[in-house]
Amino acid sequence: MQPTPYIDIHTHRRSNDPYVIDAYAVGSDGSLPAGPYSAGIHPWEVQRITPDNTSRYRQDLLDALTPRCIAVGEIGLDYAVTGDSVLRTAQRHWFEQQMELAADRSLPVIIHCVRAYNDLIPILRHYPHVTPVIHGFTGSPELAERLLQAGGYLSFGHRTAASPKTRQALAAVPVDRVFFETDESPLPIAATYATAAAITGKTVAEWKETVYDNYRRLFKTP
1 MQPTPYIDIH
11 THRRSNDPYV
21 IDAYAVGSDG
31 SLPAGPYSAG
41 IHPWEVQRIT
51 PDNTSRYRQD
61 LLDALTPRCI
71 AVGEIGLDYA
81 VTGDSVLRTA
91 QRHWFEQQME
101 LAADRSLPVI
111 IHCVRAYNDL
121 IPILRHYPHV
131 TPVIHGFTGS
141 PELAERLLQA
151 GGYLSFGHRT
161 AASPKTRQAL
171 AAVPVDRVFF
181 ETDESPLPIA
191 ATYATAAAIT
201 GKTVAEWKET
211 VYDNYRRLFK
221 TP
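Anchor point for the sequence shown: position 20 equals 20 in the UniProt record's numbering, and the numbering is continuous, going up by one each time.
Right, here's the structure in full:
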């Protein structure tokens with residue numbers, strides 16, 4: 001019997017591991033990852049989209065949705081990068097466009113959200129058949145509950161241990177709605193599982209089984 005793998009739901013470090021989901025950023029990354037991946041137009045990228053290149057961005061996104069693409073993302077809203085109302089409106093437009101695409105393709109979405117949850121959550125609720133995974137979650141138990149009620153999963157990374165409120169959130173979130181990720185951290189995914197085990201009292205082996213089950217259920221893998 002094969003040991004249960006570590007699932008890494010979101011990373012920017014290229015990997016051929018079938019249990020690591022690479023994040024492909026349409027418009028800024030080069031070739032598509034060789035293994036499973038998510039693909040989307042990041043909210044940071046939106047400021048580079050103009051009337052002259054809109055059609056290219058749309059086509060590049062569609063071209064990225066190969067059979068290896070198992071989620072749309074990372075997509076979302078980031079109000080920390082701009083206070084400009086026009087750019088924030090553009091972020092919401094592209095976010096909603098990609099939520100529509102995920103709904104059409106029956107794919108979950110990997111969500112990036114910074115200082116924009118009050119706008120993000122109503123959009124998530126508008127797409128009840130699209131399952132969101134909130135990547136790099138560092139919020140409070142109260143915010144976690146709002147996202148869970150909107151149908152979300154929460155993905156925790158290397159910064160989880162640094163925040164008391166996020167440790168409390170991880171301890172409170174139902175285990176069947178949890179993922180872990182490396183994102184851009186040089187630390188191995190095993191370190192995040194070990195952190196989660198220390199916070200929650202579950203063993204690393206238990207977390208591996210739980211997250212693997214979550215992965216197979218959400219991404220409909222064997």
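Every residue, glycine too, gets a C-beta built ideally from N, C-alpha and C.
A check of alpha carbon separations from D29 across R13, S185, T89 and H112 identifies R13 as the nearest.
Contact check between the region 204-222 and the region 175-182: three or more CB pairs, one atom from each, fall below 8 angstroms, which counts as touching.
For H10 and N16, the gap between their C-alpha atoms comes out near 13 angstroms.
Spatial neighbours of E96 in its own chain (CB-CB distance under 7 angstroms, excluding positions within 5 residues in sequence) are listed in chain order as I123. Assignment of alpha helix (DSSP H) within the region 89-150, counting only whole runs of 4 or more residues, yields 117-126 and 141-149 in chain order.
Taking 7 angstroms as the cut-off, the beta carbon of I70 is found no closer than this to the beta carbon of V211. A144 and L120 have their C-alpha atoms spaced approximately 13 angstroms apart. Per DSSP, the continuous beta strand (DSSP E) segment holding L77 begins and ends at C69 to D78. Its Cα nearest to that of E142, the residue T166 stands out among T166, A198, P51 and R125. L154: member of the beta strand (DSSP E) spanning Y153 to F156, first to last residue. The beta carbons of D78 and G136 sit no closer together than 7 angstroms. A distance below 7 angstroms between beta-carbons, with the five flanking residues on each side excluded, links P5 to the following residues of its chain, in chain order: Y19 and Y212. Taken in chain order, the region 184-215 contains no complete beta strand (DSSP E) segment of 3 residues or longer.
When the alpha-carbon of A197 is set against those of V26, V133, A116 and A161, the nearest one is in A161. Pairing S140 with T54, the inter-Cα distance amounts to about 36 angstroms. Annotation: L170 to P128 spans about 23 angstroms, alpha carbon to alpha carbon. Under the DSSP assignment, A171 falls outside any beta strand (DSSP E), being part of the alpha helix (DSSP H) whose first and last residues are P164 to A172.
Going by C-alpha positions, P43 is about 22 angstroms away from L148.
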